[in-house]
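Residue numbers (this note's numbering): 1117 to 1238.
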């Protein structure tokens, strides 16, 4: 009887440890961003996009960095700076905003962006 009680306690404790681990595991910033790309973007091949994240907010809804995507011929087009945000619009529908920016004539990529993008991305 004592062995059975001890076994039940240990199994319960093990179950709690496993559940705690599952509840506290958060996907990486890159995994979250790529999931949004696949789900919402109109990139030619979002699964093959290469990403370098430089800044992500705490709840993983705003991203800054660089992205290298493929064109219709399957070739990578080169690294481009981006700002992206997942949000809910006025109708309650989830949306994903992706702003791609190249440096032009020595002007930094976010110099001419909106205040929100410039403040977040720098």
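C-beta: ideal position from N, C-alpha, C; glycine also.
Just the Cα atoms here: how many angstroms apart are residue i and residue j?
i: residue 1210; j: residue 1158; result: 15 Å
i: residue 1169; j: residue 1189; result: 25 Å
i: residue 1175; j: residue 1145; result: 10 Å
i: residue 1232; j: residue 1203; result: 14 Å
i: residue 1149; j: residue 1206; result: 23 Å
i: residue 1162; j: residue 1229; result: 24 Å
i: residue 1191; j: residue 1154; result: 18 Å
i: residue 1177; j: residue 1223; result: 27 Å
i: residue 1238; j: residue 1227; result: 9 Å
Excluding the 5 residues preceding and the 5 following residue i in the sequence, name in chain order all residues of the same chain whose CB lies nearer than 7 Å to its CB.
i: residue 1214; result: 1157, 1198 and 1200
i: residue 1225; result: 1197, 1217, 1218 and 1219
i: residue 1160; result: 1185, 1186, 1187 and 1188
Which same chain residues end up closer than 6 Å to residue i when comparing Cβ atoms and leaving out the 5 residues on each side of it in sequence?
i: residue 1171; result: 1180
i: residue 1166; result: 1184
i: residue 1164; result: 1186
i: residue 1152; result: 1202 and 1212
Identify whether residue i lies in helix, strand or coil by the three-state DSSP scheme.
i: residue 1236; result: helix
i: residue 1154; result: helix
i: residue 1161; result: coil
i: residue 1199; result: strand
i: residue 1215; result: strand
i: residue 1189; result: coil
Apart from the five residues just before and just after residue i, which ones in its own chain have a Cβ nearer than 8 Å to its Cβ?
i: residue 1182; result: 1167, 1168, 1170, 1195, 1196, 1197 and 1198
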